[in-house]
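Below: the structure, in structure tokens.
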Amino acid sequence: MGKNRKGGSSDSFEKVLTGKRQELLRRIEQQRAQLNNNEHEPDDEAALAVGSVEKELAMANLDRDTRTLAEVEAALRSLESGTYGICVRCEEAISDARLRALPWTRLCLECAAGGVRQVPDTRSAPRPRVLGTLEVAGTLRSRARAK
Ligand SMILES: [Zn+2]
8 MGKNRKGGSS
18 DSFEKVLTGK
28 RQELLRRIEQ
38 QRAQLNNNEH
48 EPDDEAALAV
58 GSVEKELAMA
68 NLDRDTRTLA
78 EVEAALRSLE
88 SGTYGICVRC
98 EEAISDARLR
108 ALPWTRLCLE
118 CAAGGVRQVP
128 DTRSAPRPRV
138 LGTLEVAGTL
148 RSRARAK
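All you need for the working numbering is the position in the sequence shown, starting with 1, plus 7.
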């Protein structure tokens, strides 16, 4: 009892991740079905507009869920290979609280927040390249157009 602490905690993460994967797969399937459902043609413009908004929403959801699914699957693979819970950027252990909140995360809090550990010193950093005249003209033109 209590000897296999690591195994025990990754078991519960595996359960959470497997559940999440099933949920995502189900939702992705539903969204794909919704996107492919072109059989009933809307008969007026309002219905057509609603249909296209729903389609855009379904596409955005599908995109987001597909990305989360990839992260969940990567997390499940890292559980298998024993690298689960280690930040892929700085290789520090990700805190348990963060893993519980976001079990498929591959970045520790610092790296996810933009890499606080390697914040460049803006004063000593090289100055940004000065824009060429053509680029400036282009920027001004596109700004003028945007107004
Ligand atoms: Zn990190």
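C-beta: ideal position from N, C-alpha, C; glycine also.
- Inclusion of Leu24 and Leu76 in the CB contact set at 7 angstroms is not warranted, their separation being larger than that value.
- With 16 or more other Cβ atoms inside 10 Å of its own Cβ, Arg113 counts as buried.
- With a threshold of 6 angstroms, the Cβ atom of Arg96 counts as near ligand 1, since some heavy atom of the ligand is closer than that.
- According to the DSSP secondary-structure assignment, Ile93 is paired through a beta bridge with Ala100.
- Check the Cα spacing between Lys62 and each of Gln29, Arg28, Ala40: the tightest is with Ala40.
- Taking a 10 Å sphere around the C-beta of Leu106, we find 16 or more other C-beta atoms and assign the residue as buried.
- One thing to note: Ile101 has its Cβ within 7 angstroms of the Cβ of Cys115.
- Glu99 has its CB nearer than 6 angstroms to a heavy atom of ligand 1.
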